[in-house]
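All remarks here apply to the structure that follows.
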Amino acid sequence: MAPLAPIEVVVGFQKNCPLSPADRFDMIGRIQDELEQIEPIKGTVSANNLMPNLPADVDTSSKEYRDLMAQILEQARPYFTTARFLHESDGEQQWRVTANVSALQDIDYGKLLATIRQRLRDVGAADQAAAGISVHVTGWAPLAHEIQRALMQDLFVSFLSAFGIIAIVMSIGQAGIWTGLVSMIPNFFPMVAMFGFLGWIRSPLDIGSVMTASIALGIAIDDVLHFLTFFRRALARGLNRQDAVHATYQQCGFAMFLSSLICGMAPMVFYFSNFLPASRFACMMLLLLAIAVAGDLVLLPALVVGPAGKLFERQYFKPLPANDESPDVGEKTSTIELLPQRAAA
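The opening position of the sequence shown corresponds to residue 2 in this note's numbering, with each subsequent residue numbered one higher.
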């Protein structure tokens, strides 16, 4: 009895391999013995398990033993092939050694695979390409590890790409590079806070957790656009930045909070799922959106009220005087100063 997650070590012997059948079988046995000493491997199986136990006093280096093993292996080849421990094609042989690990334990498969490859080099099984020997580590566990690693990298790259594209669009929409970058701070704040905290407590991430970053970014940018739109409209009515923030709270503050609450609570039905990535996805979405609405309703107002808020005040050229005297081209005034003049006109 052993755990169910398999790690397969496939040892290939090409046509030009000088090893005898007995030597090849001995190498399979050494590899199996080496795998059994690695934690967290709890069980191994190979063609060795189908062979009878030899007496302890047998001289495995004698010619008689080698000849006898060659005859036994030749007779047992159909049984090994049927049991899928041996595959032969065009004179080449592939022997399989299976190591089992638990699928429920918290195992770092990257470190485990690195350890297995190092042990294979120690027994000389991974450094004999010139002798016609090849060793591959495959199976369900390595495959799942590589898939998860590739997905993690792709999701991280997609998040950075989305962040860069949104930053460009925000710079265009806010009529300035600096205003666009300032408006991206509340969007980036939830991801930095949440994933920074998880890294600080050394909590492992899975696919469901990483997927929440791009989704939370899309929802947070919507609230930022709503806030800045009403904030600029308040400035255009002649309000100062503090009063504009208060007016923006009245216009869209509750709507931003309510939309984030709905988007955060909707996935919580998956929190009770037995599928762990779905459960973590729901919990992470709720936490990220809670931090995002705090950034939109606390951090963003603090930014626009502070010195960075001067970047969001639109600038206009003064109208030409009645005597057709051309004003200085570089002289500008704010919208708040122009509103009384326009009303009088």
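We put the CB at the ideal spot given by N, CA and C, even for glycine. Remember, predicted model here, so these are calculated numbers, not experimental data.
Residue environment analysis places W96 among the buried positions, since at least 16 neighbouring C-beta atoms fall within 10 angstroms of its C-beta.
By a beta-carbon distance limit of 8 Å, F231 contacts C253. Their separation comes to about 5 Å. When only Cα atoms are considered, F157 and F273 end up about 27 Å apart. Here S135 carries a strand assignment [DSSP, helix/strand/coil].
Apart from sequence neighbours up to five positions away, the residues of its chain that approach N49 with a beta-carbon distance below 8 Å are F26, I29, G30 and Q33, ordered along the chain. Secondary structure note for Q154: its alpha helix (DSSP H) is the uninterrupted segment W141 to G174. Looking only at H137, A221 and L240, the smallest Cα-Cα distance to A115 is reached by H137. G13 and G165 have their alpha carbons spaced roughly 47 Å apart. The criterion of a C-beta distance shorter than 8 Å is not satisfied by P19 and A100.
A direct Cα-to-Cα measurement between T139 and K64 gives close to 35 Å. The secondary-structure analysis by DSSP pairs N101 across a beta bridge with P7 and G44. Per DSSP, the unbroken beta strand (DSSP E) holding E89 starts and ends at L87 to S90. Restricting attention to E314, M171, G219 and V211, the CA atom closest to the CA of L182 is found in M171. Here the alpha carbon of D123 sits roughly 20 Å from the alpha carbon of Y110. Excluding its 5 nearest sequence neighbours in each direction, G219 has C-beta neighbours in its own chain below 8 Å: A163, listed in chain order.
For the segment 175-241, not one full-length beta strand (DSSP E) segment reaches 3 residues or more.
In this structure, the straight-line span from the alpha carbon of E314 to that of L206 is close to 41 Å.
Collapsing the DSSP output to three states places V270 in a helix. In the structure shown, the three-state DSSP call for Q95 is strand. The residue among G44, A248 and M70 with its C-alpha nearest the C-alpha of V98 is G44.
The beta-carbon distance between E93 and K16, rounded to whole angstroms, is 6 Å. This is short enough to meet the 8 Å contact definition.
When DSSP states are grouped into helix, strand and coil, V12 belongs to the strand group.
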